[in-house]
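This note's numbering numbers the first residue of the sequence shown as -19 and each following residue consecutively.
No residue lacks a Cβ here, since even glycine has one placed at the ideal position from N, Cα and C.
As the structure is a computational prediction, the values presented were derived from the model and not from experiment.
Some notes on the structure that comes next.
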Amino acid sequence: MTTPFQEVGTGTFSVVRRCVMKTTKREFVVKIIKKAACDPSEEVDILLRHGHHPHIVKLFDVYEDDTHVNLVLEYCRGGEMLDRILSKKTFTEREAAATMANLASAVSYLHSNQVAHRDLKPSNIMYASSSCESDSLRIIDFGFAKQSRAENGMLMTPCYTAQFVAPEVLKRQGYDRSCDVWSLGVLLYAMLSGQTPFAMGPNDPADEILKRVGEGRVTMEGKAWMEISDNAKDLVQKLLDVDASRRPSAKQILQHPWITHRNSVPTNTIVNNVYNVESVKVRYQLNDSFTMTLQGALEQTYRALTTTSSVNLRPVNASALAKRRLTQLPKMGMCSS
């Protein structure tokens, strides 16, 4: 049995709390999902089947009560990726390449198993370890994730967070897993430049962001890009191609020269040159009492287009959802109650 503590995150239909296993004192988080608002069956199924990849968050247990489903997940104590990058004294292009290699590895694995995440954004990429090494990166929150079942592998339901969304999703055309590749491109652009490719700040009108994304207007000019290598710029340009058919697959990202030769990528510092936190705060100031870093500006802008008590947890063997999802799957390190 776990004991929930403070809230560490919220979503449209859920709240996430840190929790501790009473018997072992090990820390986890519990994602508490409202049954009336959301069916988490797909999320549970994906995590049980594919959560053993080193860069995908682990699901350890599933409980439910009368009103909520509770997912006991790996605790990512290192925090959100861009928050940690912003707080570092130095961050190099080589570190950015290592980060992208690990993320592309996880996305490639998901895509090879016909899974699209569909909501890759800074707050859904965290460090499991407080050391914040790229090897401890985890992709979290599979609430929008989808397993392709149609013969052509196309997805039709538009699920996205503003600004990471690919043009083909905005146009409500059939789209496939290349929408995740687009999101990786937005993340890479932000890592390298400290800017977003399609938004100037948190107050940008949603229709203007849509227009920029739909047109695929990407510029890599100015001081932020002066010392970035040509190979890095080439990959960014390819990932943010408005034509999904021309975008590389996640597997092909791993074969790009900037990734395969990442040990020889420049080690020039881009944090001191680009991530000037004080200037970013000024740039994204919302009012006299509240300022936002790049991370906050990203999340606030993306949110523009998107559509508390402790719980009484029951044992996993009493959970109808867990029974349905586990009948055909092997045990995967589930916590004892």
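Secondary structure of D41, DSSP reduced to three states:
Translated into the one-based positions of the sequence shown, residue 41 becomes position 61. Note: D41 maps to strand in three-state DSSP.
Rounding to the nearest angstrom, what Cα-Cα distance links S103 and G165 in this structure?
As a working mapping, residue 103 is identified with position 123 in the sequence shown. As a working mapping, residue 165 is identified with position 185 in the sequence shown. In a straight line, the C-alpha of S103 is about 16 Å away from that of G165.
Quick one: what's got a C-beta closer than 8 Å to V216's C-beta in the same chain, skipping five residues either side?
Reading the sequence shown from its first residue, position 236 is the one you call residue 216. Closer than 8 Å at the Cβ level, and outside the excluded window around V216, lie G165, L168, Y169, L172, V198, M200.
Are the CB atoms of I12 and R(-2) within a distance shorter than 8 Å?
Position 18 of the sequence shown, counting from 1, holds the residue named residue -2. Position 32 of the sequence shown, counting from 1, holds the residue named residue 12. No, the Cβ-Cβ distance between R(-2) and I12 is not below 8 Å.
If distances are taken between C-alpha atoms only, which option among L53, M1, G194, K38 comes closest to V(-5)?
Locating residue -5 in the sequence shown gives position 15, where the first residue counts as 1. That would be L53, whose Cα lies nearest to the Cα of V(-5).
Segments of 4+ residues assigned as alpha helix (DSSP H) that fall wholly inside the region 52 to 83:
61 to 67
Could you please give the first and the last residue of the uninterrupted beta strand (DSSP E) stretch that includes E113?
One-based indexing of the sequence shown puts residue 113 at position 133. Segment: none, E113 is in no beta strand (DSSP E) and carries neither H nor E.
Any idea if T47 is buried or exposed, counting beta-carbon neighbours within 10 angstroms, 16 or more meaning buried?
Within the sequence shown, the letter at position 67 stands for residue 47. T47 is exposed by the Cβ-count criterion.
If you pair each beta-carbon of the region 65 to 81 with each one of the region 9 to 27, do three or more pairs fall below 8 Å?
no
Excluding sequence positions up to five away, which residues of its chain have a Cβ less than 7 Å from the Cβ of C112?
Looking up residue 112 in the sequence shown gives position 132. Closer than 7 Å at the Cβ level, and outside the excluded window around C112, lie G58, R64.
Nearest-angstrom Cα separation, counted from P177 out to A84
Here residue 84 corresponds to residue number 104 of the sequence shown, with the count starting at 1. Here residue 177 corresponds to residue number 197 of the sequence shown, with the count starting at 1. Between A84 and P177, the C-alpha separation is close to 20 Å.
Put E7 into one of helix, strand or coil per three-state DSSP.
Here the question's residue 7 lines up with position 27 in the sequence shown. Note: E7 maps to strand in three-state DSSP.
By how many angstroms is the C-alpha of L62 removed from the C-alpha of V49?
Mapped onto the sequence shown, residue 49 falls at position 69. Mapped onto the sequence shown, residue 62 falls at position 82. In a straight line, the C-alpha of V49 is about 29 Å away from that of L62.
Would you identify the three-state DSSP class for R192, choosing helix, strand or coil?
The sequence position of residue 192 within the sequence shown is 212, counting from 1. R192 falls in the helix class under three-state DSSP.
Between the beta-carbon of S88 and the beta-carbon of K218, is there less than 8 Å?
Here residue 88 corresponds to residue number 108 of the sequence shown, with the count starting at 1. Here residue 218 corresponds to residue number 238 of the sequence shown, with the count starting at 1. No, they are not a contact pair.
Taking all protein chains shown into account, decide if R(-13) is buried (16 or more other Cβ within 10 angstroms of its Cβ) or exposed.
Position 7 of the sequence shown, counted from the first residue, corresponds to residue -13. Sequence inspection shows Glu at residue -13; the Arg mentioned does not correspond to that position. It is exposed - the Cβ of E(-13) has fewer than 16 other Cβ atoms within 10 Å.
Hey, could you find the ends of the alpha helix (DSSP H) R29 is sitting in?
Sequence index remark: in the sequence shown, residue 29 carries index 49 (1-based). That run of the alpha helix (DSSP H) goes 21 to 30.
Closer than 8 Å to chain C by CB, T247:
The structure shown contains no chain C; it holds only a single protein chain.
Hey, how far is the Cα of T288 from the Cα of H97?
By 1-based counting over the sequence shown, the position of residue 288 is 308. By 1-based counting over the sequence shown, the position of residue 97 is 117. In this predicted model, T288 has a pLDDT of only 29, less than 50, meaning its place in the structure is not dependable enough to derive any value.
Where the beta strand (DSSP E) through M206 begins and ends
The count along the sequence shown starts at 1 and reaches residue 206 at position 226. Taken as a continuous stretch (DSSP letters only), M206 belongs to no beta strand (DSSP E), as it is neither H nor E.
For E207, which of K69, R227, V245 has the nearest alpha-carbon?
Here residue 207 is taken as the residue at index 227 of the sequence shown, counted from 1. With distances taken between Cα atoms, E207 lies closest to V245.
Drop a sphere of 10 angstroms on the beta-carbon of E188, count the other beta-carbons inside from all chains shown, and report buried for 16 or more, exposed for fewer.
By 1-based counting over the sequence shown, the position of residue 188 is 208. Classification of E188: exposed, given that the 10 Å Cβ count is below 16.
Counting only the same chain and skipping the five closest in sequence on each side, list residues whose C-beta sits under 7 Å from that of S110.
In the sequence shown, residue 110 corresponds to position 130, counting from 1. Excluding sequence neighbours, S110 sits near R57, G58.
Based on Cα-Cα distance, which residue from K14, F71, V0 lies nearest to Q(-10)?
If you number the sequence shown from 1, residue -10 lands on position 10. Going by the sequence as given, residue -10 is Thr instead of Gln. Out of K14, F71, V0, K14 has the C-alpha closest to the C-alpha of T(-10).
Check this for me: beta carbons of A204 and W238, under 8 Å apart or not?
Residue mapping note: residue 204 aligns to position 224 of the sequence shown, counting from 1. Residue mapping note: residue 238 aligns to position 258 of the sequence shown, counting from 1. No. Outside cutoff.
For A245, does the three-state DSSP call read helix, strand or coil?
By 1-based counting over the sequence shown, the position of residue 245 is 265. One point to set straight first is that residue 245 is Val, not Ala, in the sequence displayed. Residue state, collapsed to three classes: coil.
On the three-state DSSP scale, how would you describe V87?
As a first step, residue 87 must be located in the sequence shown, where it is residue number 107. Helix.
So who's on the other strand from N50, going by DSSP bridges?
Taking the sequence shown and counting its residues from 1, the one referred to as residue 50 is at position 70. In the DSSP output, where bridge partners are listed per residue, N50 has I12, Y43.
Please name the residue or residues paired with K126 in a DSSP beta bridge.
Taking the first residue of the sequence shown as 1, we reach residue 126 at position 146. Per DSSP, A96.
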